[in-house]
Amino acid sequence: MKERGKALGQGESGADGLSEDWIRRDSDTCTGQLRMPWSRAVLVLWILACVAATETHSESGQCADWEVDIINTVKAYHGEPAEISCPLFLTYTKLHDSTEHGSGLTLMWYKTRQNEDLEEPINFHQAGNRITKEVDTLWFWPVFANDSGHYTCILRNTTYCLQVTIPLLVIQKGLNGCHSIQEMVFPVELILGETRFLSCPNTAAFSKSSINSTVAWYKVPSKGRNEDRCQGGQRVGKDEDTMKEIEGKLVFLVVREYHRGDYTCIVTMTQRDHQYNLTRTVAVSLCASQPDLKPPVLIQPKADQQIEVEFGFTHNSLVDGRWEKCAGIKSSD
């Protein structure tokens, strides 16, 4: 074990912006499309610019340290699965057209606990193999509050040595809560009148690694977010006119104003004979389609025309029928 010269515990205050990197909105075009986090693109350019310089570091026994990647902080709920991927591995192997074994690459993981500077190896021999490593990814089955901290992946061979640190923030949920007030809320913007399919964000890798995974969507009541709870959340029905749950996706057949709000998806999966849940919340906001919507135009009857309509209907329910004045047309009972 060794001590790092830099205080890796600093910088977590910037983690609140994570959700903006998973789902970015284009306010000019109102597309609401997903965007690749900009730090990933910067990381690729960084490798291209610095990989040659790592030769000197490797010969001297040192690594080129890219410090803490705050932008890509991993967030997870206590008691749920989590994953941390090393961005160095995939980028390096693509640039050099190689594999981990073919190029003699070795990937090592270290952890620095919160508010500490001491770096220690990951214990992969815990009871039940709760923490595992597969290629470039750490898996937690599940993650606990004391797993919070900074995780450093070091990629090296006889020529190169690179390292980067990824923060992990484990969040506590309230009793029967399905999301946190400040964390783990993914914003998405929909266009009024369009058709959209929403997947449960940041869960695809878990579904692929498990069997019999199912997804359930809930409409979170407006007070639920303030109370950090989702009690009373209504399951999205399959028989609604404009919104349905189809094959694990939340489908807006026609986006309406009343669709604005928070939707929580819960993925249930089985891994190594254990059942786990993944909880995500999507905050839906709305914008008008382009070009700008025009006010409705009355075609018939004409604005200055008076008409007589017989009012009368039968019904068995308590319905109050009345005529309303609209666009200057005279109304009568």
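Okay, so the sequence shown: first residue is 34 according to our numbering, each after it adds one. We put the CB at the ideal spot given by N, CA and C, even for glycine.
>> Suppose the cutoff is 8 Å on Cβ atoms and the five residues either side in sequence are ignored; what does the same chain contact list for residue 307 look like?
In response: 174
>> I need the boundaries of the beta strand (DSSP E) containing residue 232, first residue and last residue.
In response: Neither: residue 232 is in no beta strand (DSSP E) and is coded neither H nor E.
> Which two residues bound the contiguous beta strand (DSSP E) that contains residue 302?
Replying inline: 294 to 304
> Can you give the Cα-Cα distance for residue 117 and residue 243, rounded to whole angstroms?
Replying inline: 17 Å
> Taking the alpha-carbon positions, what's the residue 230 to residue 282 distance?
Replying inline: 6 Å
> Would you call the region 97 to 110 and the region 159 to 167 touching, i.e. three or more CB-CB distances under 8 Å?
Replying inline: no
> Under a three-way DSSP split, which group does residue 182 fall into?
Replying inline: strand
> For residue 112, which residues from the same chain have a beta carbon less than 6 Å from its beta carbon, with the 5 sequence-adjacent residues on both sides left out?
Replying inline: 175
> Bridge partners of residue 244, per DSSP?
Replying inline: 303
>> DSSP three-state label for residue 152, please.
In response: strand
>> For residue 240, which residues in the same chain have their Cβ closer than 7 Å to its Cβ, ignoring the five residues on either side in sequence?
In response: 246, 300 and 302
> Can you give the beta carbon distance from residue 253 to residue 297, rounded, assuming they're within the 8 Å contact cut?
Replying inline: 5 Å
>> For the structure I just gave you, are there three or more beta carbon pairs, one from the region 274 to 292 and one from the region 189 to 199, closer than 8 Å?
In response: no
>> Quick check on the DSSP output: the beta strand (DSSP E) that includes residue 99 runs from which residue to which?
In response: 97 to 101
>> Just list the residues that DSSP pairs residue 166 with in beta bridges.
In response: 171
> Mapping DSSP to helix, strand and coil, what is residue 291?
Replying inline: helix
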